[in-house]
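Residue numbers (my numbering), protein chains in the order written: chain A, 13 to 414; chain B, 218 to 446.
Here a beta-carbon is modelled for each residue, glycine too, at the ideal position from N, C-alpha and C.
To keep things clear, I will list the structure first and then write my remarks on it.
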Amino acid sequence: MNLTETIKNSFKMMWRFKGRTFIVMLGLIVGISMLTLALSISSGTRDKLLGQLDAMFNANSILVAAGAGGMGGGRQSGPQDTLVIEDLRYLADQIENIIAWDPVQSTYGQVQYQGNSEKVLLMGHSSSADFVWHRGVKEGEFFSEDDINSRARVTLLGSVLAKTLFANEKPIGKTVQIKNSPYKVIGILEEQGVDPHGMNRDNEAHVPVTTMMKRLMNVDHLLMGKFIVENEKITEQTVVLIEKLMRERHGLEGEQESDFNVITPKEEIEMINEANQVFDRLLPGVAIVSLLVAMVIIANLMLIMVNERREEIALRKSVGAKSSEILWQIITEASFIACIGGLIGSGLGLAGVYVVAMMFDIPAPNLGLQILIGILISVAIGVLASIYPAREAAKMDPASTL
Amino acid sequence: MIELSNVSKVYTPGGEQVVALSNVSLKIDKGEFVAILGPSGSGKSTLMNTLGLLDTIQKGSYKLNGTDVKNFSHDQLAKIRNKQIGFVFQAFHLLPRTTAIENVELPMLYSEGPSNKKRAMEILKSVGLEERAKHLPSELSGGQKQRVAIARALVNDPDLILADEPTGSLDKGSGQGILELLRELNEKGRTIVFITHDQEIARYAKRIIKIEDGKIKSEIKHNLIQELA
Chain A
13 MNLTETIKNS FKMMWRFKGR TFIVMLGLIV GISMLTLALS ISSGTRDKLL
63 GQLDAMFNAN SILVAAGAGG MGGGRQSGPQ DTLVIEDLRY LADQIENIIA
113 WDPVQSTYGQ VQYQGNSEKV LLMGHSSSAD FVWHRGVKEG EFFSEDDINS
163 RARVTLLGSV LAKTLFANEK PIGKTVQIKN SPYKVIGILE EQGVDPHGMN
213 RDNEAHVPVT TMMKRLMNVD HLLMGKFIVE NEKITEQTVV LIEKLMRERH
263 GLEGEQESDF NVITPKEEIE MINEANQVFD RLLPGVAIVS LLVAMVIIAN
313 LMLIMVNERR EEIALRKSVG AKSSEILWQI ITEASFIACI GGLIGSGLGL
363 AGVYVVAMMF DIPAPNLGLQ ILIGILISVA IGVLASIYPA REAAKMDPAS
413 TL
Chain B
218 MIELSNVSKV YTPGGEQVVA LSNVSLKIDK GEFVAILGPS GSGKSTLMNT
268 LGLLDTIQKG SYKLNGTDVK NFSHDQLAKI RNKQIGFVFQ AFHLLPRTTA
318 IENVELPMLY SEGPSNKKRA MEILKSVGLE ERAKHLPSEL SGGQKQRVAI
368 ARALVNDPDL ILADEPTGSL DKGSGQGILE LLRELNEKGR TIVFITHDQE
418 IARYAKRIIK IEDGKIKSEI KHNLIQELA
């Protein structure tokens with residue numbers, strides 16, 4: 013029997029015994045759909061986090077945060093009032109590679125409009141923030157330099173907060189109360205969603221950093237500053253220079269710990285990867301175990317199936333089928349079943365992924381690739397699982413069966 | 218055509234020795250119509266499996282068409298079964314959910330060259346079932362099923378037809394029809410060997426070989442069969 017005939021014959025047998033075929037297929041459908049779901053969501057979540065990071069904190073940026081100790085996980089220690097706007101202005105003046113900078117201060121506070129109010133994160137930024145943080149306004153105007161210099165009582169609202177306060181009303185031009193003082197809404201911020209730290213960045217209000225420091229917090233210091241460098245190839249040298257100039261300015265000598273932190277995107281990416289590592293290490297294990305289980309189940313089902321088909325197999329042998337022809341028939345049937353099972357499983361898994369992606373706002377994965385991987389894995393499992401049952405079938409002695 | 222010399226076969230199911238064939242020597246010429254008659258457990262099925270190359274022999278020799286097949290590989294035996302032997306079983310053994318014509322085609326699937334639907338149809342016509350070609354086994358009567366099985370045995374044009382209790386699952390009327398069909402095939406020159414436990418049925422043959430306890434007891438030739446009847 014040649015290959016085309018083997019395939020044709022296997023397909024016929026599969027089709028004639030649809031029930032039997034479906035039961036063997038079911039194991040794969042469940043296994044592959046779960047696997048597709050888990051892998052897609054894992055990679056989708058990471059892509060989303062890294063995507064956000066890239067938008068907010070790309071390779072040409074450097075953060076300088078107030079306080080000693082490392083950043084990431086709230087490990088800052090010591091006094092937090094060590095960083096001022098003049099530090100940032102000085103660094104920007106001294107270091108040629110720095111082309112833009114933005115001072116940041118923040119606190120929590122109540123924002124109110126008529127009957128509606130919400131306690132949200134309040135951020136103070138400069139008029140450069142739209143460039144420095146890649147986040148402008150989708151409606152209205154961004155802060156002007158005048159707003160910064162005059163400590164203007166103006167605000168930009170995140171879209172979620174705007175919805176909470178104004179419902180269907182137009183917010184721009186209206187006056188909201190921030191910590192019980194009136195602020196004029198001049199714009200709605202571009203949407204950003206939930207950040208890697210779990211904060212919904214659309215549920216916050218921005219004010220000029222000077223307004224934040226003097227009027228809302230009554231402090232002189234900053235939380236942090238962000239620099240944009242012109243040449244990202246020399247970011248590391250720029251970091252070294254920032255550290256040197258800052259230590260000089262703050263009068264730190266020798267072994268004394270710095271009262272500030274310089275952070276580059278490299279470190280932030282490492283943080284995200286670290287958080288994902290648990291999942292990453294666990295998932296392949298879970299996937300391999302579940303596929304092995306699926307394989308054992310399929311092998312068992314195939315074995316039962318071969319046993320049920322003793323008569324057919326014995327008959328085929330009696331009319332001249334070679335053992336190898338029986339072997340290949342069973343393996344071909346298994347690969348077919350596996351291929352279709354993989355296709356259905358990937359389809360169901362991806363349908364699940366789209367539902368989850370919609371519910372949790374995660375990017376949907378590359379459809380073709382996922383299906384291809386699902387089918388390849390299925391066929392591999394199908395073939396591996398059918399080797400033993402197929403050998404048993406090929407070994408069958410027709411004389412004792414017929 | 219068939220030449221068995223001193224063939225013995227011993228089974229040891231569960232450690233106990235069962236002698237299925239003991240020193241059997243047998244010669245069947247081309248064009249013969251032979252019945253192997255014996256009660257159950259007499260070794261007639263083993264003899265049939267041996268003749269049909271479904272079972273290998275331990276002692277003695279078997280020449281089929283002048284070739285000693287004792288040391289042939291499984292694949293070589295499969296090829297001989299495919300080309301030179303057609304089987305008819307008591308339980309028909311048609312593939313379920315598979316049409317009559319496709320059942321007839323089955324041996325061609327394992328031969329070289331493409332399967333020949335026209336040939337299968339001609340054979341089905343010769344056993345009187347052309348109109349049932351597209352029917353499934355479950356839609357056929359016992360006699361019709363056995364005719365399909367005979368057509369399947371004939372499709373690769375073998376020299377030898379081996380039938381194991383071909384009427385065993387049939388009522389008397391359809392059983393007679395099958396025996397008449399076998400006789401017809403023999404008259405056209407085909408060598409036919411069938412097994413039965415029923416003396417009445419054995420009488421259709423031109424030669425009866427009686428077997429008991431794995432040994433050939435007696436042989437009755439054609440002229441004597443006529444006298445028995």
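Look at the segment 28–39 of chain A: the residues with a C-beta under 8 Å from a C-beta of chain B are R28 and F29. Contacts with chain B at 8 Å (Cβ-Cβ) include A411 (chain A). In the DSSP assignment, the residues bridged to N273 (chain A) are A:A77. Looking at the DSSP output, T284 (chain B) shares a beta bridge with B:L281. No Cβ-Cβ contact shorter than 8 Å links L371 (chain B) with V410 (chain B). In this structure, the beta-carbon distance from N212 (chain A) to T176 (chain A) does not fall below 8 Å. In summary, the residues of the segment 297–311 of chain B whose CB is separated from some CB of chain A by less than 7 Å are R298, N299, F304, F306 and H310, in the order they occur in the chain. Residues of the segment 322–354 of chain A whose Cβ lies closer than 9 Å to any Cβ of chain B, in chain order: E323, E324, A326, L327, R328, K329, S330, V331, G332, A333, K334, S335, S336 and E337. With respect to chain B, the C-beta atom of L381 (chain A) has no partner C-beta closer than 8 Å. In this structure, DSSP gives S52 (chain A) a helical state, which the three-state scheme calls helix. Counting along the chain, no beta strand (DSSP E) covers P324 (chain B); the unbroken alpha helix (DSSP H) around it starts and ends at A317 to L326. Around D272 (chain B), the same chain offers K226, T263 and N266 as residues with beta carbons nearer than 8 Å, after the five sequence neighbours per side are excluded. Below the 7 Å Cβ cutoff, chain B contributes F306 and H310 as neighbours of L414 (chain A), in chain order. Under the DSSP assignment, D142 (chain A) falls in the alpha helix (DSSP H) whose first and last residues are A141 to V144. Contact note: N266 (chain B) reaches chain A through A411, using a C-beta cutoff of 7 Å and chain order. Against M317 (chain A), chain B offers no close residue; the least beta-carbon distance is about 14 Å (beta-carbon pairs closer than 7 Å).
Residues of the same chain with a CB within less than 7 Å of the CB of Q124 (chain A), apart from the 5 flanking positions on each side, are V188 and Q189 in chain order.
Cβ neighbours of G361 (chain A) within its own chain (closer than 6 Å, five residues either side excluded): S45, T48 and L49. With respect to chain A, the C-beta atom of L271 (chain B) has a partner C-beta closer than 8 Å. When DSSP states are grouped into helix, strand and coil, M218 (chain B) belongs to the coil group.
Scanning the segment 99–173 of chain A for uninterrupted alpha helix (DSSP H) segments of 4 residues or longer gives 141–144 and 157–161, listed from N- to C-terminal end. Counting only runs of at least 3 residues, the segment 193–221 of chain A fully encloses the following beta strand (DSSP E) elements, listed from N- to C-terminal order: 193–201 and 216–220. Interface annotation, P324 (chain B): in contact with chain A, CB-CB separation under 8 Å. With three or more CB-CB distances shorter than 8 Å, the segment 220–230 of chain A counts as touching the segment 156–166 of chain A.
The residue from B:P256, B:F306 and B:E220 with its alpha-carbon nearest to that of A368 (chain B) is B:F306. Nearest CB-CB separation between E17 (chain A) and chain B: below the 8 Å threshold. Secondary structure at E329 (chain B): coil, using DSSP grouped into helix, strand and coil. Chain-order list of chain B residues neighbouring M408 (chain A): empty, with the shortest C-beta distance near 11 Å, by a criterion of under 8 Å. Three or more pairs of CB atoms, one per stretch, sit closer than 8 Å, so the segment 336–356 of chain A contacts the segment 389–398 of chain A.
Under the 8 Å Cβ criterion, the segment 181–201 of chain A does not count as touching the segment 57–64 of chain A, having fewer than three qualifying pairs. Between Y279 (chain B) and L221 (chain B), the C-beta spacing is below 8 Å.
Against M13 (chain A), the close residues of chain B are L326 and Y327, in the order they occur along the chain (beta-carbon pairs closer than 7 Å). For the pair G136 (chain A) and D142 (chain A), the CB atoms are not nearer than the 8 Å cut-off. For the 8 Å CB-CB criterion, L311 (chain B) and A366 (chain B) form a contact. About 7 Å separates the CB atoms of K300 (chain B) and P375 (chain B); that is less than 8 Å, so the two are in contact.
Using a Cβ-Cβ cut-off of 7 Å, R364 (chain B) is close to nothing in chain A; its nearest Cβ partner there is about 17 Å away.
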